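In terms of the numbering used here, the sequence shown opens at residue 124 and continues consecutively.
Virtual Cβ for every residue (Gly too), placed ideally from N, Cα, C.
No experiment lies behind these values; they were computed from the predicted model shown.
Down below is the structure, laid out as C-alpha cells.
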Amino acid sequence: MGLPRLPRPDEVALHIHSREGGRVGPISRRGLQRQLASGAIPEDARLWMEGMEGWGWLREHREALLADLDAPSVAPRSPEESEDDYLDRVFGGLVRSSWDYLEEHRFSTHIDEVFLGAVITSTLDVGYSLIDLKSDGTHHYLRFEDLQDQSRIVVRLTHLTSGLALSKVLGQRSSAVIGYGEKLGNVSKIMTAIRAEMKSGYIRDPEPGTITVDGDLSSGYVYCQVDLYLDIDAYVERDYTVHHDKLATHIGATTHALRKYLRGRFA
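Put into C-alpha cells, the structure is as follows:
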C-alpha cells in the first residue's frame, strides 16, 4: 500500500503505532526522523495518514518519508576530519537550512495566487468562460458562464492559512463558497424561499455541505451554493505542479450536485 501523497517535512500528518510506545501522533516527517534516531519509535511500528485505507508498515515507507530530509543535526566531528572541514560543513548546513526556510516562506506567500489561478484554469477546462474577477486582498470573487446554455458558476475563495507557522500545523487550507446558477422564470416562488431562508438564518450561518439559495434579481439568475473547506495541498505540489484534472473533477462534482438541487427544487 503506497502513500496517498508525501507530506511536507513539517506537516503534522503521520500517525504511528507500536507495541512498545503505543500510539504517537500526528507528527511531521521531521518529527518521525528525530524519534527514529532516538529509538523512541521502533522500526517495526505501524503507520497511517489521511487517505490510506488502513495501517501500513513504517519500514515499507521509511525511505520515501526520509529521503529528502537532511540529517536532524550536524554530525559530530570525526577524528579524521580537520577543524577547517568540520567548520565548513557546519556553515554549509546553516546555509541549506536557511534556504529551506526561505523556500517554505515563499511557498506560503504565493500559494494563494497559485490556487486562484488553478481554480480559474480548472473551471475553464470544464467548459465555462471567466466573465468577472474581483478581489479585496482577502476574498477572491469569480464568476463564470457557459456561453451556450448561459448557466453560471460563482466562486468565493478565502485563504485560511496564510502564515508560515499556521500552514505548518494545519496545511494549506481555503474556504470556498461555490454556487451554480440559471435564469428561472418563477421568480415569486423563488423569492419566497430565499426570504424564508434569510429569516431563519439558514443562509447567514451555513455549515459545510449545506446548500443555500440566493438570487440576483437584476440579472434574473437564481443560485444554489455550498460552503466547503478545500485542502490546497491536495491540488498544488511543493514545486507548484497543479493537479488540474483532480480540481476540475471536484468543481464539476460540486456544480453537478447544485444543478440537481436547483432544478429539483424550482423546476
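Check: Reduced DSSP category for residue 335 - H, G, I as helix; E, B as strand; rest coil; Outcome: strand
Check: Identity of the residue in 351, 371, 349, 346 nearest residue 358 by Cα; Outcome: 371
Check: Integer Cβ distance of residue 192 from residue 180, believed to fall under 8 Å; Outcome: With 8 Å as the limit, residue 192 and residue 180 do not qualify as a contact, their Cβ atoms being about 20 Å apart.
Check: Residue span of the alpha helix (DSSP H) that contains residue 236, given as start and end; Outcome: 206 to 248
Check: Top-ranked residue by Cα proximity to residue 280, from 234, 132, 389; Outcome: 234
Check: Cβ pair residue 304, residue 336 closer than 8 Å; Outcome: no
Check: Residue 190 CB to nearest heavy atom of the ligand HEM below 7 Å; Outcome: No copy of the ligand HEM occurs in the structure displayed, which carries no ligand at all.
Check: Which of helix, strand or coil DSSP assigns to residue 272; Outcome: coil
Check: Element boundaries [alpha helix (DSSP H), containing residue 140]; Outcome: From DSSP, residue 140 is part of no alpha helix (DSSP H) but of the beta strand (DSSP E) over 137 to 141.
Check: Exposed unless 16 or more other CB atoms sit within 10 angstroms - verdict on residue 168; Outcome: buried
Check: Residues near residue 165 in its chain [Cβ-Cβ closer than 6 Å; skip 5 each side]; Outcome: 141, 143
Check: Contacts around residue 375, its chain only, beta-carbon distance under 8 Å, and the 5 residues preceding and following it disregarded; Outcome: 249
Check: With 16 other Cβ atoms within 10 Å as the buried cut-off, status of residue 349; Outcome: buried
Check: Cα-Cα separation, residue 355 to residue 238; Outcome: 7 Å
Check: Identified DSSP bridge partners for residue 191; Outcome: According to DSSP, which records beta bridges pairwise, residue 191 is partnered with nothing at all.
Check: Euclidean distance between Cα positions of residue 333 and residue 387; Outcome: 16 Å
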